[in-house]
Amino acid sequence: RTVRGRAILREGQEVSIELRATVRELDDGTVAFGLCREISKDLEKERARATQERLATVGSLAAGVAHEINNPLAYVIANVQYALDSITQWQMAQTEAAQEPDGGRRRAQIKEALYEANEGARRVQRIVADLKTLARQGEDRLEPIDVEKTLHWAIGVTMAEIRHRAKLVKNFDNIPPVRGDEARLGQVFVNILLNAAQAIEPGRANDNEIVVNTFERDGRVVVEVLDSGMGIPEENLTKIFDPFFTTKPRGIGTGLGLSICHEIIASMRGTLTAENRKDRGAQFVVEIPALSAFQSATAAQRRPKSSRPPVRSANILIIDDETLAAKALGRVLRDHKVEIADHAPSGLALALSKPYDVIFCDLMMPELSGMAVHAAVLREKPEVAERMVFITGGTFTEEARTFASDQGERCLFKPFDSALVKSAVERLLAAHDP
């Protein structure tokens with residue numbers, strides 16, 4: 114058996130280690146053999162290799178993702194422009210507009226256009242979030258994973274590649290969660306789905322299919338991906354999980370994808386296997402131990418929350434050098450008294466001089482970062498620092514990533530989710546109101 118962990122050397126340095134134990138029966142009794150070795154450098158190489166493959170996958174999806182982003186952007190821009198033009202026309206002829214017999218119909222059209230623009234913007238938001246998840250670097254995070262949710266994410270990322278080659282069939286059972294790193298498991302599913310799609314020639318989507326099945330068997334979650342493609346040559350079946358083995362042309366495949374996927378699933382104490390189907394195509398099977406203990410907690414989280422009393426009007430300060438983003442956030446908080454500072458130093462001065470119930474502060478600003486604002490407020494008025502919520506469009510430094518992670522629910526990412534913004538205000542008011 115092999116176990117990985119952490120150890121502290123005599124000099125105080127913390128390192129990664131691997132323990133291997135073997136038990137053997139000898140003539141004079143049972144003997145246990147153990148081997149311990151440091152694997153810090155090996156892990157660094159594994160992470161670098163995983164990141165390289167992750168980014169290579171992002172690159173292979175770039176064209177499809179650009180297409181997916183351009184679709185919603187097209188109607189976001191068109192619908193918003195339509196709404197702006199209509200409002201401008203109404204302002205130029207306010208009296209006539211009020212008397213137009215079809216004024217109600219035009220207002221309904223504008224509302225519909227803005228609703229569609231909002232939906233398009235949310236699609237872009239999800240696509241960008243998918244890419245950020247796929248390219249995430251750093252330590253693996255061991256946490257309960259909703260496998261079905263991760264599969265939906267992977268399908269969304271790869272759909273631009275799939276839809277021109279095959280129909281997608283989903284047979285999802287009610288499966289329990291597993292434990293592992295969600296981003297890395299998502300990477301496995303993306304890689305398998307891409308391989309399935311690329312095994313099918315484009316142009317005959319109605320004649321081909323990719324089937325994704327999920328079910329539980331003997332305490333293990335099973336995910337099957339079956340395709341109707343060309344299959345795997347028999348001589349390659351034993352090699353496809355070997356590092357750097359690829360059948361793709363030079364410069365297209367790294368040969369690391371399935372090898373890394375195999376390692377990821379093995380690290381979750383699972384298995385990844387591949388075989389050819391009897392009729393045509395290939396089948397990949399992922400099996401991972403189920404995390405049944407998490408089911409009760411998940412069910413508790415899904416229970417509807419009891420109704421809350423109405424939230425009082427609060428004094429809110431928004432510090433953000435992106436004026437349009439600050440104004441958009443202000444509109445979300447229109448039921449409160451909002452003040453905007455689009456200059457970090459002046460925002461800091463306001464935070465220290467006026468009584469605010471909640472302070473929203475952008476994390477990445479050129480003159481003074483949100484971290485610096487927080488440090489200054491914490492030094493001068495620590496009770497005010499407890500009322501800060503941080504907003505960011507992305508964390509580009511290790512310091513910022515660590516800071517954002519430490520804030521937990523007090524760090525929100527752009528584009529804003531209105532429900533999360535309002536929930537943050539509610540939490541702070543509930544925590545600090547007498």
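Residue numbers (our numbering): 114 to 547. Every residue, glycine too, gets a C-beta built ideally from N, C-alpha and C. The structure displayed is predicted, hence computed values, not measured ones.
Check your understanding: Exposed or buried, which one is alanine 412 when buried takes at least 16 other CB atoms within 10 Å?
Key -> Position 299 of the sequence shown, counted from the first residue, corresponds to residue 412. Confidence in alanine 412 is poor, its pLDDT being 43 and thus under 50, which makes the residue's placement unreliable; the coordinate value appears in the next sentence. Exposed is the call here.
Exercise for review: Could you say if the region 498-508 and the region 461-480 meet the contact criterion of at least three C-beta pairs nearer than 8 Å?
Suggested key: Counting C-beta pairs closer than 8 Å gives three or more between the region 498-508 and the region 461-480, which meets the contact rule.
**Study point:** N-terminal and C-terminal residue of the alpha helix (DSSP H) that asparagine 304 is part of
**Key:** Locating residue 304 in the sequence shown gives position 191, counting from the first residue. It spans 295-311 - the alpha helix (DSSP H) in which asparagine 304 sits, taken as one unbroken run.
Exercise for review: Report the partner residues of proline 257 according to the DSSP bridge assignment.
Suggested key: As a position in the sequence shown, residue 257 is number 144, starting the count at 1. For proline 257, which the question treats as bridged, DSSP gives the partners Arg292.
Exercise for review: Could you tell me the distance, in whole angstroms, from the CA atom of histidine 487 to the CA atom of phenylalanine 516?
Suggested key: Here residue 487 refers to the residue found at position 374 when the sequence shown is read from its first residue. Here residue 516 refers to the residue found at position 403 when the sequence shown is read from its first residue. Near 11 Å, if we compare the C-alpha coordinates of phenylalanine 516 and histidine 487.
Check your understanding: Under 8 Å, do alanine 310 and isoleucine 275 count as touching if we go by C-beta distance?
Key -> Reading the sequence shown from its first residue, position 197 is the one you call residue 310. Reading the sequence shown from its first residue, position 162 is the one you call residue 275. The answer is yes: Cβ separation under 8 Å.
Check your understanding: For the 8 Å Cβ check, are there 3 or more pairs between the region 268-283 and the region 297-315?
Key -> yes
Point to revise | threonine 263 (DSSP reduced to helix, strand or coil) | key: Here residue 263 refers to the residue found at position 150 when the sequence shown is read from its first residue. Three-state DSSP puts threonine 263 in a helix.
Point to revise | Spatial distance of arginine 540 from arginine 523 (CA atoms) | key: Within the sequence shown, the letter at position 427 stands for residue 540. Within the sequence shown, the letter at position 410 stands for residue 523. Spanning the two alpha carbons is a distance of roughly 10 Å.
**Study point:** Contact belief for valine 291 with valine 260 at Cβ below 8 Å, rounded distance in angstroms
**Key:** For the purposes of this step, residue 291 is taken as the residue at position 178 of the sequence shown. For the purposes of this step, residue 260 is taken as the residue at position 147 of the sequence shown. The Cβ separation is near 6 Å, so the contact holds.
Check your understanding: Rounded to whole angstroms, how far is the Cβ of isoleucine 429 from the Cβ of alanine 457, which I believe are closer than 8 Å?
Key -> The sequence position of residue 429 within the sequence shown is 316, counting from 1. The sequence position of residue 457 within the sequence shown is 344, counting from 1. Between alanine 457 and isoleucine 429 the Cβ distance is about 17 Å, and since that is not below 8 Å, they are no contact.
Check your understanding: Around the C-beta of threonine 271, are 16 or more other C-beta atoms found within 10 angstroms, so that it is buried, or is it exposed?
Key -> Residue mapping note: residue 271 aligns to position 158 of the sequence shown, counting from 1. With 16 or more other Cβ atoms within 10 Å, it is buried.
Check your understanding: Going by alpha carbons, who is nearest to aspartate 434 out of Glu496, Ala454 and Leu463?
Key -> Along the sequence shown, one-based indexing puts residue 434 at 321. Checked all of Glu496, Ala454 and Leu463; the closest Cα to aspartate 434 is Ala454.
Exercise for review: Enumerate in chain order the residues of its own chain whose CB-to-CB distance from leucine 542 is below 8 Å, with the five nearest sequence positions on each side excluded.
Suggested key: Here residue 542 refers to the residue found at position 429 of the sequence shown. Around leucine 542: Val424, Arg425, Ala427, Asp470 and Val471.
Check your understanding: So leucine 339 packs on glycine 394, CB below 8 Å; how close in whole Å?
Key -> As a working note, residue 339 is residue 226 in the sequence shown. As a working note, residue 394 is residue 281 in the sequence shown. Contact flag correct, Cβ pair sits at about 6 Å.
**Study point:** Unbroken stretches of the alpha helix (DSSP H), 4 residues or longer, contained in the region 471-510
**Key:** For the region 471-510, the continuous alpha helix (DSSP H) assignments of 4+ residues that do not extend past its boundaries occur at 483-493 and 495-498, in sequence order.
Practice item. Could you spell out where the alpha helix (DSSP H) holding glycine 460 opens and where it closes? Key: Locating residue 460 in the sequence shown gives position 347, counting from the first residue. Start and end: 457-466.
Check your understanding: Skipping 5 residues on each side, what residues in its chain have a beta carbon closer than 7 Å to that of phenylalanine 285?
Key -> If you number the sequence shown from 1, residue 285 lands on position 172. Once the five neighbours on either side are set aside, the close Cβ partners of phenylalanine 285 are Glu261 and Thr327.
Practice item. Would you kindly check if the distance between the Cβ of glutamate 131 and the Cβ of arginine 119 is under 8 Å? Key: Position 6 of the sequence shown, counting from 1, holds the residue named residue 119. Position 18 of the sequence shown, counting from 1, holds the residue named residue 131. In this structure, glutamate 131 does not lie closer than 8 Å to arginine 119 by Cβ.
**Study point:** Limits of the beta strand (DSSP E) - the one that leucine 525 falls within
**Key:** If you number the sequence shown from 1, residue 525 lands on position 412. Residues 524-526.
Review point. Where valine 538 and glutamate 124 are concerned, what is the direct C-alpha to C-alpha distance, given to the nearest angstrom?
Key: Reading the sequence shown from its first residue, position 425 is the one you call residue 538. Reading the sequence shown from its first residue, position 11 is the one you call residue 124. If you take the alpha carbons of valine 538 and glutamate 124, they lie about 47 Å apart.
Exercise for review: Starting from glutamate 400, trace the beta strand (DSSP E) both ways and give me its first and last residue.
Suggested key: Along the sequence shown, one-based indexing puts residue 400 at 287. 395-402 is the span of the beta strand (DSSP E), which, as asked, contains glutamate 400.
Point to revise | DSSP three-state assignment for threonine 386, whether helix, strand or coil | key: Taking the sequence shown and counting its residues from 1, one reaches residue 386 at position 273. Of the three classes helix, strand and coil, the one that applies to threonine 386 here is strand, per DSSP.
**Study point:** Boundaries of the alpha helix (DSSP H) in which threonine 436 is found, first to last residue
**Key:** Sequence index remark: in the sequence shown, residue 436 carries index 323 (1-based). 436-445 is the extent of the alpha helix (DSSP H) around threonine 436.
Exercise for review: Determine the contact status of glycine 374 and isoleucine 305, defining contact as a CB-CB distance below 8 Å.
Suggested key: Locating residue 374 in the sequence shown gives position 261, counting from the first residue. Locating residue 305 in the sequence shown gives position 192, counting from the first residue. Note on identity: in this sequence residue 374 is cysteine, with glycine being the wrong assignment. For cysteine 374 and isoleucine 305, yes; Cβs fall inside 8 Å.
Review point. Near leucine 139, which residues of its chain fall below 6 Å by C-beta distance, leaving aside the five closest residues on each side in sequence?
Key: Residue 139 sits at position 26 when you count from the first residue of the sequence shown. Here the set comprises nothing.
Exercise for review: Compare the C-alpha of glutamate 388 against each of Ser341, Pro257 and Val497 and name the closest.
Suggested key: Here residue 388 refers to the residue found at position 275 when the sequence shown is read from its first residue. Per the Cα distances, Ser341.
Practice item. Consult DSSP for serine 426 and reduce its assignment to one of helix, strand or coil. Key: On the sequence shown, position 313 is the one that residue 426 refers to. Looking at serine 426 - three-state DSSP - the assignment turns out to be coil, as it is neither helix nor strand.
Review point. From aspartate 294 to glycine 521, what does the alpha carbon distance come to, in whole angstroms?
Key: Counted from its first residue, the sequence shown places residue 294 at position 181. Counted from its first residue, the sequence shown places residue 521 at position 408. The alpha-carbon atoms of aspartate 294 and glycine 521 are separated by roughly 18 Å.
Practice item. Identify whether glycine 342 lies in helix, strand or coil by the three-state DSSP scheme. Key: If you number the sequence shown from 1, residue 342 lands on position 229. Three-state result, glycine 342: coil.
Exercise for review: Write down the C-beta distance between leucine 371 and isoleucine 353 rounded to the nearest angstrom, noting that I regard them as a contact closer than 8 Å.
Suggested key: Mapped onto the sequence shown, residue 371 falls at position 258. Mapped onto the sequence shown, residue 353 falls at position 240. So it is a contact: roughly 5 Å between Cβ atoms.
Check your understanding: Which first and last residues belong to the beta strand (DSSP E) in which leucine 533 is found?
Key -> Taking the first residue of the sequence shown as 1, we reach residue 533 at position 420. Note, leucine 533: premise wrong, no beta strand (DSSP E); alpha helix (DSSP H) at 531-545.
Review point. With 16 as the cutoff for other CB atoms within 10 Å, does valine 334 come out buried or exposed?
Key: Residue mapping note: residue 334 aligns to position 221 of the sequence shown, counting from 1. Looking at its Cβ environment, which holds 16 or more other Cβ atoms inside 10 Å, valine 334 is buried.
Practice item. Could you tell me how far apart the beta carbons of leucine 465 and glutamate 511 are, in whole angstroms, since I believe they sit closer than 8 Å? Key: If you number the sequence shown from 1, residue 465 lands on position 352. If you number the sequence shown from 1, residue 511 lands on position 398. Contact flag wrong, Cβ pair sits at about 28 Å.
Check your understanding: Below 8 Å between beta carbons: does that hold for isoleucine 401 and isoleucine 378?
Key -> On the sequence shown, position 288 is the one that residue 401 refers to. On the sequence shown, position 265 is the one that residue 378 refers to. Against a cut-off of 8 Å, the Cβ pair of isoleucine 378 and isoleucine 401 comes out as a contact.
**Study point:** Residue burial classification, proline 468 (beta-carbon count within 10 angstroms, cutoff 16)
**Key:** The count along the sequence shown starts at 1 and reaches residue 468 at position 355. Proline 468 is exposed by the Cβ-count criterion.
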